[in-house]
Amino acid sequence: MSNWLPDLSVHAGPKYRAIVDAIAADVDARRLLPGTRMPTHRDLAWRLKVTVGTVARAYTEAERLGLLSGEVGRGTFVTDPERQDSGLGQYLAVAWAPHPGIINMAVNRPSGDQGAWAVGPVLAQLARRPDLPQLLSYNLEVVAQRHRTAGQKWLKLEGAEVPVEQVSVTAGSQQALVAAIATLTRPGDTILAEEYTYPGFKSAVSMLGRSLAGVMMDDGGLIPDEVERGFARGARLLYTTATVQNPTTATLSEDRRRAIAEAARRHDAFILEDGVHRFLDPLAPQPILVHAPERTLYLTTLSKSVTPGLRCSFSALPLAVKPRFDAAIGALSLALPVPLLEAACMLIDDGTAQEAAERQRRDALARIALAGQILGIDNPRPAFNVWLPMTLPWTSSAFVAEAARRAVSLPPTDSFAIGRPHMDGVRASVTAPPDLETLAQALRILAELLACGSAPLAMTV
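No gaps in the numbering here: position 431 of the sequence shown is 431 in UniProt numbering, and each next residue is one more.
See the structure below:
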């Protein structure tokens, strides 16, 4: 165990905050090394002449910031950043693992039958088509052109109107994200994103050897001045979900979108705008793409609006970027899953995809309204999830753990976090439970936890 004893006189503010600041300073200076076991609450309190409660509060805050991690029965340790998961692994371990008897609120997915009602008939039509052998072969330009035209139509519905020559089609948005990172950055570059972001993006950035810097947010989403600071420090790419952000559900105002576009232009930076949830809020401001079309890559997908199974994504790209982006896609996959893309385009062309998106939107609104009623959230945002801000005594990790003990599965907040976000919260999916009755059951459990005056304490001796 460490004999760590900080000098609190050099840190301003309440005693617990001074302890947190001292931990952060000593971690940064490597006076506290990863894996170091911290003094017990009682021992440090005695040596600092403070209460045990003050130390407990400081350790809790340091855990929230990612400085420390508590291990039941072993104590509290300095976090090892090299051992932290990039995000996707943590998320998938909870989101997709089968847990009989557990209500899954961990994954944001379309509700109902996952779009089977729409996709089934189209797949049956494909099976009877005389050109099926061609569709099962390597990509044909005539087919690819048809898919780009359908993509242009879908992008226009989201306010991302571009000529068909600027549209690319990929096998899902994850492939598009990897291609965009590879196209616009080099190994070692720093990329900006919301301080809580999509775990799949974190995973892609890590795999490609880039670094992520989290940009501070408030209730309105990204703070433009913080984006400007990130660009000023040398970052040349910002990834953002401007409409219904994952996980916080924030939507950027028109003014913020303009300000971010102007900041990117001043610093000759690019913006990667993810429109995955745009269909949920048709009245949202225009995409950032509209304000900076020469430096914004806008991508969207059918995974949330129609079905995840078709693996279909469309990107609107600046002409100067498109050849390199398409080359990156070719390096990732010599051929795309043409039958799936053909099915997606058939759904768009006959209007079924638009109907499916509207069904999903209406169902999400009904589920969000129920969540607002049970959790006491005024005017909940249209989204597949609610974001529950954590205030003491709760931390996100403690809340997720206690929910699991009560048979509700939530994703670890760390899987979304970049660095040490200045706010803490928990994402709870409203579309994952199979029906409204099950959703209401899970929401009542979360409401009971939020109403608790104290969080469960792990005993340390």
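Ideal Cβ placement from N, Cα and C applies to all residues, glycine included.
Element boundaries [beta strand (DSSP E), containing residue i]
i: L297; result: T296 to T301
i: I191; result: T190 to E194
i: P389; result: N385 to P389
i: V400; result: Element bounds for V400: not the beta strand (DSSP E) but the alpha helix (DSSP H), S396 to R405.
i: F77; result: G75 to V78
i: R128; result: Careful: R128 lies outside any beta strand (DSSP E), inside the alpha helix (DSSP H) at A116 to R128.
i: T240; result: L237 to T240
i: S206; result: Per DSSP, S206 belongs to no beta strand (DSSP E); it is in the alpha helix (DSSP H), P199 to M207.
i: F314; result: S313 to A316
Neighbourhood of residue i by C-beta, 6 Å cutoff - its chain only, sequence neighbours within 5 removed
i: N246; result: Y198
i: E342; result: L135
i: R57; result: Y16
i: A12; result: none
Among the options, the one whose alpha carbon lies nearest that of residue i
i: R256; options: A269, W394, L33 and A242; result: A242
i: Q114; options: L208, A335, R42 and T307; result: T307
i: D281; options: S415, T149, H422 and R361; result: R361
i: V400; options: I103, T54 and H277; result: I103
i: Q271; options: A316, K304, S305 and T248; result: Note on residue identity: the sequence assigns Ile, not Gln, to residue 271. Comparing Cα-Cα distances from I271 to each of A316, K304, S305 and T248, the minimum goes to A316.
i: A269; options: S313, L302, T300 and V321; result: V321
i: S2; options: G309, G35, L8 and A353; result: G35
i: D424; options: D414, Q286, L68 and V430; result: D414
i: A398; options: D349, D218, L446 and E161; result: L446
i: V78; options: L48, A25 and R47; result: A25
i: L310; options: E226, A331 and I348; result: I348
i: V276; options: P285, E254, A284 and L299; result: L299
i: E254; options: G220, P412, A150 and D225; result: G220
i: R278; options: E294, L252 and A264; result: L252
i: V167; options: F314, P287 and R37; result: F314
i: M105; options: M346, L436 and E158; result: L436
Residue interval of the alpha helix (DSSP H) (run including residue i)
i: A213; result: No alpha helix (DSSP H) contains A213, which is instead part of the beta strand (DSSP E) from S211 to V215.
i: V227; result: P224 to A232
i: Y16; result: K15 to D28
i: T438; result: L436 to A451
i: V426; result: That residue, V426, is in no alpha helix (DSSP H); its beta strand (DSSP E) goes G425 to S429.
i: A62; result: V52 to R64
i: R367; result: T352 to L375
i: M346; result: V338 to D349
Same chain only: Cβ atoms within 8 Å of residue i, ignoring 5 sequence neighbours per side
i: Y234; result: The displayed chain sequence assigns Gly, not Tyr, to residue 234. For G234, where only same-chain residues beyond five positions count, the Cβ hits under 8 Å are T190.
i: V52; result: H41, R42 and A45
i: V461; result: In this prediction, V461 has a pLDDT of 40, which is less than 50 and means its spatial position is unreliable; what the coordinates show is noted afterwards. Closer than 8 Å at Cβ, skipping near neighbours: T40.
i: A404; result: I102 and L410
Residues near residue i in its chain [Cβ-Cβ closer than 7 Å; skip 5 each side]
i: H291; result: R257, R258 and A261
i: L365; result: P382
i: A182; result: L208 and A328
i: L212; result: I191, A193, K202, V205 and I418
i: M390; result: S396, F399, D424, G425 and V426
i: W387; result: P247, T248, T249, G425 and R427
i: L340; result: L310, R311 and C312
i: P337; result: A171 and R311
i: P224; result: R256, A259, I260 and A263
i: V50; result: K15
i: V227; result: L192, V215, L238, I260 and A263
Every unbroken alpha helix (DSSP H) inside the segment 252-285 [4 residues or more]
254-266
For the segment 373-380 and the segment 157-177, state whether three or more C-beta atom pairs, one from each stretch, are separated by less than 8 Å.
no
Is it the case that the segment 345-360 contacts the segment 107-126, given that we only count it when at least three CB pairs across the two stretches are under 8 Å?
yes
What alpha helix (DSSP H) runs, 4 residues minimum, are completely inside the segment 135-175?
141-157
Hey, is the segment 155-162 in contact with the segment 192-209, meaning 3+ C-beta pairs nearer than 8 Å?
no
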